[in-house]
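2 protein chains.
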Amino acid sequence: MGVVVSLDKAREPKPGLKPLLDLVDKDMKRLNDLILSKAESHVDMIPKLARHLISSGGKRLRPVLTIACAQMCGYDSGDKHIPLAAAVEFMHTATLLHDDVVDESDMRRGKTTARILWGNEASVLVGDYLLGQAFKMQVEVGIMDALSILANAAAIIAEGEVMQLAAANNMETTEDEYLAIIHSKTAALFAAAAELGAVVAGKTERERAALRSYGNNLGLAFQLVDDALDYSGSKELLGKNVGDDFREGKITLPIVLSYRRGNRDERRFWKRTLQDGDVRDGDLEKAAELMKKHDALEDTIKRARHYGDIARDAMALFPDGKHKAALIETINFCVARKH
Amino acid sequence: MGVVVSLDKAREPKPGLKPLLDLVDKDMKRLNDLILSKAESHVDMIPKLARHLISSGGKRLRPVLTIACAQMCGYDSGDKHIPLAAAVEFMHTATLLHDDVVDESDMRRGKTTARILWGNEASVLVGDYLLGQAFKMQVEVGIMDALSILANAAAIIAEGEVMQLAAANNMETTEDEYLAIIHSKTAALFAAAAELGAVVAGKTERERAALRSYGNNLGLAFQLVDDALDYSGSKELLGKNVGDDFREGKITLPIVLSYRRGNRDERRFWKRTLQDGDVRDGDLEKAAELMKKHDALEDTIKRARHYGDIARDAMALFPDGKHKAALIETINFCVARKH
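Residue numbers (numbering that gives the first Met the number 0), protein chains in the order written: chain F, 0 to 338; chain U, 0 to 338.
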């Protein structure tokens, strides 16, 4: 009956989101209530479709960042962080709905995607509705700097999505180009989410810049790990199929590195599968092998650690405390996560 | 060589947009320049796709309303009406891009649609980018009431689009339901565009409500005529195929009236073509015949005149002058237009 636990694991508990979630716990119910109420509409299809994704057990990492950063910055004069956090989550949800249409995805967070259940058309339009609701919530809060941050983020995110679309199936994509894409499509909203915490608390540009940098680099690390997990994760933990990026011809860093480090035969393989879209049985396994051969996944995680380090240093100007500790632990979670 | 001109036509020149366009002429160049510059991006595909639609000779009716209403309200202390008008046009353009994806349209304004040229994916994402840019422009103007009006409109428009999607192929749609759809998907942006003119000029709720009502009813009339033209217009003037709504199973007022006024055989015809989507050669002609039999197009235009009348009366509180006259002439144009 004895279970062998390696000493290593016993000594170092796996980093997790728990410290962060514990801190925001009392605000989370209000956040979730607000999110559900703003997904309402007299048009039946809207709440049905929106709740399918909203209630599907996402990590709510972005709105949690807004709430935690607001708390760390000493915001206690009101509730404005809640609708701002909800607006961030809605912008994220709208992006996911549109993404799944663009990528023709069947699974998300372990569930059939909305576009399969209700159609691409409804997914596009309900995404637009959620963007409109996000915009309304921000206007109701009425902090011009917050509006400005989120308006900028909205345009940059869409720009990143278009960049990604244009880079699809293009094996000549460089690491810099890949970085520009994930900076726009992922890190910009993390940066906005964190900076909003400083803005709502009335902090100066010094704190705003620090949290912007924290969020931006955390977002880069998060996306890099995401892209590695697409080749190494488990379907059960991920809630989606392993190898989706491969089948879609999405050029992520593991691919960029493997291609650049590969020999002529290997490059021919990558071109056939990703550029020409000619994917055969066993190709995903072969791709994983080549990534292993060239340490592509390991080095993708290494890059993630690099951005995680920058995020950690960005926090230096804040006094030590449980919020700072939890936000730093969140970096560790994002880098070490398996889902 | 003699050309016979009917006395009627010679005496009553066709109502047109010219009076309105003449009044806003000096602002139009700045509007167009701003629109083109805000459709820019370092991501190639964005300006290409956006300009395809933006430069395709749309009437720019909505932003023109904002500018003309601002002028009528005596706004002369700045240029804020220009970016607000551009934001209105971008919201409209984003809706068109998403609409064409949802409706699978091939033609718009006499040109192949963006989704055919660059794909559905790019059309969805560039639409999102334009929404983001619209949002940014509004934030830069920084008038909270204007932001509130446009945020509301964004959510309502998307709601209307979803309602329309849910009503597609449903022959039991009532005239009230149809009205609710066009109120949301079309009239809400006309109402916002007109009201912004009063807001930017710092007018009170009295003028705001009047212009909101003018825009709302003008928008209803505009859409009703649009729906009639889809069965009676000429392809050359419309810039799209006659009968598109029919082929898409879109339930518009001409259909609602014909169905309700029809006998059992006719209702069976409408159910086969629109509900079951079983459209055969000659069905469009048969549909047009039935509409003629039941005065469905004529009565759709009659309804448009009704809303046009309300729009006209909404203008009563403004002093007579060339702006008021041009805005009223615009109602006549919208009701009498052939494209």
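Using N, Cα and C, we set each Cβ at its ideal position, and we do this for glycine too.
The beta carbons of Arg114/U and Ser55/U sit no closer together than 8 Å.
About 6 Å separates the beta carbons of Asp229/U and Asp243/U, which is inside the 8 Å limit, making them a contact pair.
Neighbourhood of Phe134/U in chain F, by CB distance below 7 Å: Phe134, Ala150, Ala153, in chain order.
In terms of Cα proximity to Val198/U, the closest of Met71/U, Asp24/U, Ile45/U is Met71/U.
Using a Cβ-Cβ cut-off of 8 Å, His91/F does not count as an interface residue toward chain U, since no Cβ of chain U sits closer than that to its own. Inclusion of Arg50/U and Leu35/U in the CB contact set at 8 Å is warranted, their separation being smaller than that value.
Under the 10 Å beta carbon count, Asn262/F is surrounded by fewer than 16 other beta carbons and is classified as exposed. Contact between Leu52/U and Ala193/U does not hold, since their C-beta atoms are separated by about 23 Å, which reaches or exceeds 8 Å.
In summary, Asp277/F is exposed, with fewer than 16 beta-carbon neighbours lying within 10 Å of its beta-carbon over all protein chains present. Less than 8 Å separates the beta-carbon of Leu256/U from that of His293/U.
Chain F places a beta carbon closer than 8 Å to that of Met143/U, counting this residue as a contact. With its beta carbon at least 8 Å from every one in chain F, Glu176/U lies outside the interface. When CB distances to chain U are screened at a threshold of 9 Å, the residues of the stretch 41 to 54 of chain F falling below it are His41, Val42, Asp43, Met44, Ile45, Leu48, in chain order. The Cβ atoms of Val87/U and Pro46/U do not sit closer than 8 Å to each other.
For a cut-off of 8 Å, the C-beta gap from Lys270/F to Met170/F is around 6 Å, short enough to register as a contact.
Between Val138/U and Leu146/F, the C-beta spacing is below 8 Å. Residue-level contact by beta carbon holds for Met162/U and chain F, with a gap shorter than 8 Å. Around Ser147/F, the beta-carbon contacts reaching into chain U at under 7 Å are Val138. Per DSSP, the beta bridge partners of Met106/U are Thr111/U. Around Arg207/F, the same chain offers Glu194, Ala197, Val198 as residues with beta carbons nearer than 8 Å, after the five sequence neighbours per side are excluded. The beta carbon of Lys239/F lies closer than 8 Å to those of Ser104, Met106, Arg107, Arg108, Gly109 in the same chain, with the five residues before and after it left out. Contact note: Glu120/U reaches chain F through Val100, Val101, Leu164, using a C-beta cutoff of 8 Å and chain order.
Non-local beta-carbon contacts of Ile327/F in its own chain, meaning distances under 7 Å to residues more than five positions away in sequence, involve Arg311, Met314 in chain order. In the DSSP assignment, Ile34/F falls within the alpha helix (DSSP H) that extends over 17 to 37. Along the stretch 181 to 198 of chain F, there is no position whose C-beta sits under 7 Å from a C-beta of chain U. A direct Cα-to-Cα measurement between Met290/U and Ile254/U gives close to 8 Å. Scanning chain U for C-beta atoms nearer than 7 Å to the C-beta of Glu39/F yields nothing, as the closest lies near 11 Å away. Scanning chain F for C-beta atoms nearer than 8 Å to the C-beta of Tyr258/U yields nothing, as the closest lies near 22 Å away.
Between the stretch 76 to 83 of chain U and the stretch 317 to 337 of chain U there are fewer than three C-beta pairs closer than 8 Å, too few to call the two in contact. In the three-state scheme derived from DSSP, where H, G and I count as helix and E and B as strand, Ala287/F is classed as helix.
Sequence-distant partners of His322/U (beyond 5 residues in either direction) whose C-beta falls short of 7 Å from its own C-beta, in its chain, are Leu22, Ala67, Gln70, Met71. Against chain F, the CB of Ala86/U has no partner CB under 8 Å away; the residue lies outside that interface.
DSSP places Tyr74/F in no alpha helix (DSSP H); its state is neither H nor E. The beta carbons of Gly126/U and Ala150/F sit no closer together than 8 Å. Excluding residues up to 5 positions away in sequence, Glu247 lie with their Cβ nearer than 7 Å to the Cβ of Asp102/U in the same chain.
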